[in-house]
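Numbering (the numbering used here), first residue to last: 56 to 331. A virtual CB, placed ideally from N, CA and C, is assigned to each residue, including glycine. One structure below.
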Ligand code: SF4
Ligand code: SF4
Ligand code: SF4
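See the structure below:
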């Protein structure tokens, strides 16, 4: 019985081990084995802590994975995993750690685990989630179009680097990663205080959501309510940082593609009516 409780952690660890061994054997560098084993182990530890009802479980995963990606992969190994890095490797036609990162975490992975990336691994949200506005104080703002501007601007920027044959683009990409992250943190913190919402940056600015949201629509894992158990107390929706219409099980529910699988709603439900 006790082991059964830890099956999600074990399954997640095994899934990442399969990815680790497969990418290592098919692509060569042992880095892939280390990389996915590390990420899978971090997530599995987080799931074990969550099973043990530790409130800090998600923060542990966010810090373990987010800091690894930001500091080791991004700054030390110079892999730009921001949106401009995606365009860079795409134009270059190179299959790198950055490309794999996008494929697994942000494009195909969400078909399986929705926006788990946003809840457990993103190094931007890793910092923003420490701010005091855990749930939004006011209604949604109509400024979500900004993410499209950032998306298109990043594409034009990288395209121009190639068209103009700017030398040493790899170095520029590394600088972009560092400067871009500093800007993201500043904008994210300013918006969080302005809108009293830690996740304002995710809702209005982040260009990655252009990939994440449509794929998440079809996600295998998502929060579902058991209508038999639900007493319509509304506690789940009160604690949701992403304003998801939790009590509607349809994939078309309001802000359904915003769910970051943080489990706040599941934990808040007095009737154990919610499951992922
Ligand atoms: S929406 Fe963007 S900034 Fe927010 S958690 Fe997801 S990837 Fe990170
Ligand atoms: S509170 Fe529930 S619905 Fe809202 S983001 Fe977290 S897991 Fe998703
Ligand atoms: S917290 Fe639970 S019981 Fe209350 S509305 Fe949400 S699902 Fe229903």
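Cβ shell of residue i (< 8 Å), same chain only, five flanking positions each side left out
| i | result |
| --- | --- |
| residue 199 | 258, 259 |
| residue 329 | 278, 279, 280, 281, 291, 301, 320, 321 |
| residue 85 | 79 |
| residue 191 | 250, 251, 252, 254, 255, 296, 298 |
| residue 74 | 91, 95, 159 |
| residue 88 | 75, 76, 78, 79 |
| residue 172 | 160, 161, 164, 165, 267 |
| residue 111 | 104 |
| residue 72 | 91, 92, 95 |
Residues near residue i by beta carbon distance below 6 Å, same chain, minus five either side
| i | result |
| --- | --- |
| residue 273 | 166 |
| residue 217 | 146 |
| residue 246 | 255, 256 |
| residue 275 | 167 |
| residue 70 | none |
Counted within 10 angstroms of its Cβ, other Cβ atoms place residue i as buried (16 or more) or exposed
| i | result |
| --- | --- |
| residue 124 | buried |
| residue 221 | exposed |
| residue 223 | exposed |
| residue 193 | exposed |
| residue 255 | buried |
| residue 288 | exposed |
| residue 182 | buried |
| residue 299 | buried |
| residue 94 | buried |
| residue 226 | exposed |
| residue 134 | buried |
| residue 239 | buried |
Contacting residues, own chain, Cβ-Cβ under 7 Å from residue i (five flanking each side not counted)
| i | result |
| --- | --- |
| residue 102 | 63, 64, 67 |
| residue 61 | 103, 106 |
| residue 175 | 98, 101, 113, 116, 117, 120 |
| residue 201 | 259, 260 |
| residue 327 | 284 |
| residue 306 | 272 |
When the options are compared against residue i, the one with the closest alpha-carbon
| i | options | result |
| --- | --- | --- |
| residue 285 | 246, 255, 325 | 325 |
| residue 205 | 310, 271, 235 | 235 |
| residue 309 | 317, 217, 297 | 297 |
| residue 197 | 250, 168, 245 | 250 |
| residue 154 | 82, 72, 111 | 82 |
| residue 207 | 265, 318, 327 | 265 |
| residue 187 | 248, 311, 130, 243 | 248 |
| residue 156 | 110, 128, 179 | 128 |
| residue 143 | 293, 232, 195 | 232 |
| residue 270 | 327, 57, 170 | 170 |
| residue 243 | 185, 283, 323, 135 | 185 |
| residue 230 | 315, 59, 108, 131 | 131 |
| residue 294 | 306, 303, 317 | 317 |
| residue 126 | 228, 110, 70, 178 | 178 |
| residue 263 | 327, 203, 59 | 203 |
| residue 241 | 59, 180, 70 | 180 |
| residue 313 | 122, 57, 238, 195 | 195 |
| residue 315 | 111, 303, 109, 331 | 331 |
Residue i CB to nearest heavy atom of ligand 5 below 7 Å
| i | result |
| --- | --- |
| residue 198 | No copy of ligand 5 appears in this structure; the ligands present are ligand 1, ligand 2 and ligand 3. |
- Query: Counting pairs of Cβ atoms below 8 Å between the region 161-176 and the region 143-150, do you hit three or more?
  - Reply: no
- Whole runs of the alpha helix (DSSP H) within the region 57-84, excluding any shorter than 4 residues: 57-60, 62-82
- Message: Is it the case that the region 210-218 contacts the region 133-148, given that we only count it when at least three CB pairs across the two stretches are under 8 Å?
- Response: yes
- Query: Which runs of the alpha helix (DSSP H) fall wholly inside the region 302-326 and span at least 4 residues, in chain order?
  - Reply: 319-323
- Message: As an exercise, report each continuous alpha helix (DSSP H) stretch of at least 4 residues that is fully enclosed by the region 260-301, in chain order.
- Response: 264-272, 290-294
- Message: For a minimum of 4 consecutive residues, which ranges assigned as the alpha helix (DSSP H) are wholly contained in the region 134-202?
- Response: 138-147, 152-156, 165-168, 171-175, 178-183
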